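The block underneath contains the structure these notes are about, expressed in structure tokens.
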Amino acid sequence: MRTNKGALSTKLLNISVAYLCKSKQLEEAEELLVDGIRVGVQLDVVTYNTLIPAYCQFFGINEGYSVLERMRESGIRPDVVTYNSLISGAARHSLLSRCIDLFDEMLGSDVFPDIWSYNMLMHCYFKSGKPDEGYRIFRDILLKGFPPGKATFNIL
């Protein structure tokens, strides 16, 4: 976990955690985090943004929320990637109210949604049988000046 200059490396920790998460080795990723913290590595938003989607995918949305709480407790502010990961996890399980709550929380936290945020919310509306709301989000995408991409049109 040390760079050539001997300094502790958050970047190296994040790369290792990402590899372990993609390899479905979350227990090992957590052990690595504990070891890193013990030797003074500072976790950052990237660390948590790596863990959240893995926890949502392998353990469920509630575990993703628990990582979000750990993030907040350590004084790290969630960003658009954080919220998008949670919205994606909620959408995967057709949890429309959670998607809406997360989107609203993002707006209330002065975190600005991106095209992915809107796409996931729109997807969740359609998946939940609310096409009128889905099309309303599509209109919002256009009004806010986001260029709809292939993913947007695939959702429609």
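Every number in the numbering used here is 13 more than the matching position in the sequence shown, counting from 1. Every residue gets a Cβ at the ideal spot worked out from N, C-alpha and C, and that includes glycine. Bear in mind that the values here come from a model prediction, so they are computed numbers and not experimental data.
Checklist entry - Quick one: is PRO160 buried, meaning 16 or more other Cβ sit within 10 Å of its Cβ, or exposed? => result Burial call: exposed.
Checklist entry - The alpha helix (DSSP H) with ILE100 in it runs from where to where? => result Annotation: the continuous alpha helix (DSSP H) that includes ILE100 extends over 93-105.
Next on the checklist: For CYS112, which residues in the same chain have their Cβ closer than 6 Å to its Cβ, ignoring the five residues on either side in sequence?
Outcome noted: Hits under 6 Å: ILE100, ALA103, ALA104, LEU134, CYS137.
Next on the checklist: Out of ASN62, PHE166, TYR148, which one is the CA nearest neighbour of LYS35?
Outcome noted: Considering only alpha carbons, the answer is ASN62.
Item to check | Distance between VAL30 and VAL47 (C-alpha atoms, nearest Å) | outcome: One C-alpha to the other measures close to 11 Å.
Item to check | Nearest to VAL52 (by Cα), restricted to the options GLU86, SER87, THR23, ARG85 | outcome: The shortest C-alpha separation from VAL52 is found at THR23.
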